[in-house]
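Enquirer: Got a structure for you, written out below as C-alpha cells; questions coming shortly.
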C-alpha cells in the first residue's frame with residue numbers, strides 16, 4: 140500500500156488536532172474530488188513499518204485528539220491488508236484517542252455486506268473506528284456549511300454503537316469523539 144501524505148497537525152478532518160493519513164488508491168473518482176492525485180494506487184510513498192511508527196509517535200502528545208484515515212479510500216481492497224493490523228495496533232496503544240475514517244463507499248451496502256474486499260478484514264477495520272464519514276462526494280449536493288463532509292448525502296456515523304445496535308447511529312456536534 141502507498142500513502143499520499145501524513146498531516147501531523149490536522150484540524151479539518153475531525154474534532155481537535157489530529158494526525159491524518161491520506162492513503163493512495165480510489166475507484167470512486169468523485170467529480171471535483173479534492174484529492175484526485177490519490178486515485179492512483181501507485182501515488183506517493185510505501186506504507187512501511189517506519190511510517191507506522193512515525194504516525195504512532197505523532198499521536199503521543201496529549202493535545203492530539205485522535206487519528207483520521209482518508210485518501211484515496213482506506214476501504215479499497217488493496218489498502219485493507221496493511222491498514223487492519225495498523226489500526227489494531229494504534230487502537231491498542233491509544234485507546235483514549237478517537238479514530239475517524241472517510242470513505243466514498245456506503246456503510247451498509249458496501250462495507251457491511253462484504254462486497255468490498257475481505258469481509259473479515261473490513262470488520263476488523265470497522266471495529267477500530269469511532270466515527271466513519273461515508274458516501275461519495277456529490278458535486279450537486281456540495282454544502283460548505285457542513286462540518287467534516289463535503290456533500291449532504293455523506294453521513295457521519297458512530298461506528299461502535301451502529302455495529303452494536305445493527306442500525307445507523309449518527310454522530311452529532313455534541314459528541315466528544
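Residue numbers (the numbering used here): 140 to 316.
Don't be surprised by glycine CBs; every beta carbon is placed ideally from N, CA and C.
None of these values were measured; they are calculated from a predicted model.
1) How many angstroms separate the CA atom of residue 301 from the CA atom of residue 192?
2) By Cβ distance, which residues of its chain are closer than 6 Å to residue 261, with the 5 residues on each side in sequence left out?
3) Taking only runs that begin and end inside the segment 249-274, name each unbroken beta strand (DSSP E) of 3 or more residues, in chain order.
4) Between 281, 288, 182 and 189, which lies nearest to residue 144 when the distance is taken from Cα to Cα?
5) Would residue 274 and residue 293 qualify as a contact pair, given that the criterion is a beta-carbon distance under 7 Å?
6) When you compare only the Cα positions, how much space is there between residue 171 and residue 162?
7) Report the partner residues of residue 163 according to the DSSP bridge assignment.
8) Can you tell me where the beta strand (DSSP E) holding residue 294 begins and where it ends?
9) Measure how close the beta-carbons of residue 239 and residue 269 come, nearest whole angstrom, since I'm counting them as under 8 Å.
10) Should residue 150 go down as buried or exposed, given a rule of 16 or more other Cβ atoms within 10 Å for buried?
11) Under the assumption that residue 264 contacts residue 316 (Cβ atoms under 8 Å), give the Cβ distance between them as a whole number of angstroms.
12) In its own chain, which residues sit with a C-beta less than 6 Å from the C-beta of residue 225, not counting the 5 before and 5 after it?
13) Return yes when the Cβ of residue 276 is within less than 7 Å of the Cβ of residue 165, no when it is not.
14) Taking a contact to mean a Cβ-Cβ separation below 7 Å, would you say residue 229 touches residue 244 in this structure?
15) For the putative contact between residue 141 and residue 184, defined by C-beta atoms under 8 Å, what is the C-beta separation to the nearest angstrom?
16) Confirm, please, whether the CB-CB distance from residue 286 to residue 207 is below 7 Å.
17) Our contact map puts residue 271 next to residue 246 with C-beta atoms below 8 Å; I'd like the distance itself, whole angstroms only.
18) Between which two residues does the alpha helix (DSSP H) harbouring residue 192 extend?
Expert: According to the structure data:
1) 30 Å
2) 250
3) 270-273
4) 182
5) Cβ distance < 7 Å, so residue 274 and residue 293 count as in contact.
6) So the two alpha carbons sit approximately 18 Å from each other.
7) According to DSSP, which records beta bridges pairwise, residue 163 is partnered with nothing at all.
8) 294-297
9) 7 Å
10) exposed
11) About 17 Å separates the two Cβ atoms, so there is no contact after all.
12) 191
13) Taking 7 Å as the Cβ cut-off, residue 165 and residue 276 do not qualify as a contacting pair.
14) no
15) Between residue 184 and residue 141 the Cβ distance is about 6 Å, and since that is below 8 Å, they are a contact.
16) no
17) Indeed they touch by this definition, with Cβ atoms about 6 Å apart.
18) 188-197
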